[in-house]
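Have a look at the structure below, then the notes.
Okay, structure coming up:
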C-alpha cells in the first residue's frame, strides 16, 4: 500500500500543517484513513493528503550550507537596530 | 441552496469573523475585489524594489549596502507571497504580470517618486514602510485566509524595514548641517505622498464600506491616516525635523494631531500615470521581464529534457 502525508488545518484561517503519514491504496481511501486516524476529536477544519513520493525534501546533510548563511545577517531582525530612548511606535 | 441564501450565509459567516479559503464559495465581487487588491499589493512590492535599488551600488558603507540588499530582497519575497495568495483565487501569475506591464493594473502611487539622495532611503523605510505597516497589520486579520497568512509573514519582516530607515535618519540627524538638511529635504518630499498612501477620503472611496463589511478592511482610510500622523509626528520631533505642513497642530481635546489636506489632484495625476517616474518604473520592469525570458525558457527546456530522460 502506498504512503500518504497528512496535513490538517486545525481551524479556519490557519495554514495546513503536517501531522503524520498513513497507508492507503488510493486518494479517497487516504482521505478516509486520515480522517479516522488524525481527526477523531474535532482536530480539523480541513484535511489534505499528498502522496509521499510527491514530497521533495532538502537533504539533512546540506542543512548547514542551505540555512546557515541567513544567520550571519542579523540585521534582518528588527532588534538589530537600536531604537533611541523616547521614540515610540516603531 | 438558492443564490440568495448562499449569499446570506456568506455574509453572516464573514460578519461572525469566519474565514474564507480558496475552496470556499464566495461572491464573484468578493473574489474580484481580492484579486485586484492582492495583485496591486504584489505589483507595489515588485515596483517598490526600484527606488531603493537605485542606491544599492552607492550605499555609504558596506554594512548599509548589505542591509539595503537584504531589504530589497525582502520586497521581492513579499511580491511572491502575495502573487501566490492571489493565484489561489484562480487568476494566473501570467495574467497578473501582464496586467502590470500593460498598465491595466495599478500599483501604489508612492513608488513613482524619485530617490535622488541617500536620505530618501531613510525616508522610505521610516515613512513609506511605516505607512505600509499601518495598512497591513489589520490585513493579518483579513477574512480571506491565504491573504491574511501572507500578510503575517510580510508584517514580521516590515518591522526591520521601518527601523533600518529610521536608523539612517537618526545617523543623518546627528551628523553635519549638510546631513541634517538632506534628511529634512527627504521628509519634505516624502511626507505628503506617504499620507496619500492611505487612499482618498472615506466619502470618496467607493468600495471601502463593502470591504469593511466583508472583513477585508478593518479601518477606513482616514482612520489609518490619522493613526499614522499621530505615531509619526513625535518621531519627526525626535529627529529634530519639521513636518512640511503649516496646519499641523496637536489637539488637546481629541488627543490627535490635526493636519492639512494632501494635494489630491497630484494623487490622481500620479495614479493615472503622470507622476515623476511612472514611465521609467514600467519601462524598467518590462525590460527586466523581457531580458529575463531566456532564463525562464532555459529552465523549462532543462525540465523537459530531464523528464524525457527519466521516461526513456
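Residue numbers (my numbering), protein chains in the order written: chain V, 68 to 157; chain L, 7 to 318.
Think of the CB as a built atom: it goes at the ideal place given N, C-alpha and C, for glycine as much as any other residue.
Since the model is a prediction, treat every value here as computed from it, not as a measurement.
With distances taken Cα to Cα, identify the nearest neighbour of residue 104(V) among 139(V), 72(V), 125(V), 142(V). Measuring from the Cα of residue 104(V), the nearest candidate turns out to be 72(V).
Taking 8 Å as the cut-off, does the region 161-168 of chain L touch the region 106-113 of chain L (at least 3 CB pairs, one atom from each stretch)? Fewer than three beta-carbon pairs drawn from the region 106-113 of chain L and the region 161-168 of chain L are found closer than 8 Å, and the two stretches are therefore not classed as touching.
Taking only beta-carbon atoms, is residue 83(L) less than 8 Å away from chain V? Contact with chain V is absent for residue 83(L), since none of that chain's Cβ atoms lies less than 8 Å from the residue's Cβ.
May I ask you to list, following chain order, the residues of the region 73-88 of chain V that have a beta carbon less than 9 Å from some beta carbon of chain L? Cβ contacts with chain L: 76, 78, 79, 80, 81, 82.
Tell me which residue opens and which closes the beta strand (DSSP E) that residue 118(V) is part of. Segment 113-118, the beta strand (DSSP E) holding residue 118(V).
Span of the alpha helix (DSSP H) around residue 4(L): With chain L covering only 7 through 318, there is no way to say anything about residue 4(L).
8 Å Cβ cutoff, residue 241(L) in contact with chain V: With 8 Å as the cut-off, residue 241(L) counts as an interface residue toward chain V.
Please list, in chain order, the chain V residues whose beta carbon lies closer than 7 Å to that of residue 155(L). Contact annotation for residue 155(L) against chain V: 82 [CB-CB distance below 7 Å, chain order].
Could you tell me if residue 134(V) is buried or exposed, where buried requires 16 or more neighbouring beta carbons within 10 angstroms of its beta carbon? Classification for residue 134(V): exposed.
Measuring only the C-alpha atoms, how far is residue 19(L) from residue 25(L)? Straight-line Cα distance between these residues: approximately 8 Å.
Could you work out which residues of chain L lie near residue 148(V), taking near to mean beta carbons separated by less than 7 Å? Within 7 Å Cβ-Cβ: 169, 170, 173.
Determine the closest residue to residue 322(L) out of 142(L), 281(L), 176(L), 154(L), with distance taken between C-alpha atoms. An answer regarding residue 322(L) cannot be provided, because it is not within the stretch 7 to 318 covered by chain L.
Can you tell me whether residue 45(L) is buried or exposed, with buried defined as 16 or more other CB within 10 angstroms of its CB? When all chains shown are included, residue 45(L) counts as buried.
Grouping DSSP H, G and I as helix and E and B as strand, with all else coil, what is residue 77(V)? In the structure shown, residue 77(V) sits in coil (DSSP, three-state: anything other than H, G, I, E or B).
Just mark residue 123(V) as buried or exposed, buried being the case when its beta carbon has 16 or more other beta carbons within 10 Å. When all chains shown are included, residue 123(V) counts as exposed.
Return helix, strand or coil for residue 197(L), following the three-state DSSP convention. Helix at residue 197(L).
For residue 45(L), return the contacting residues in chain V, with the cut-off set at a CB-CB distance below 9 Å. Here the premise fails: no neighbours, minimum Cβ distance about 21 Å.
Compare the C-alpha of residue 237(L) against each of 52(L), 132(L), 94(L) and name the closest. It is 132(L) whose Cα lies nearest to the Cα of residue 237(L).
C-alpha distance - residue 262(L) paired with residue 176(L), whole-angstrom precision: The straight-line gap from Cα to Cα measures roughly 25 Å.
Between the CA atoms of residue 108(V) and residue 100(V) - distance to the nearest angstrom: So the two alpha carbons sit approximately 14 Å from each other.
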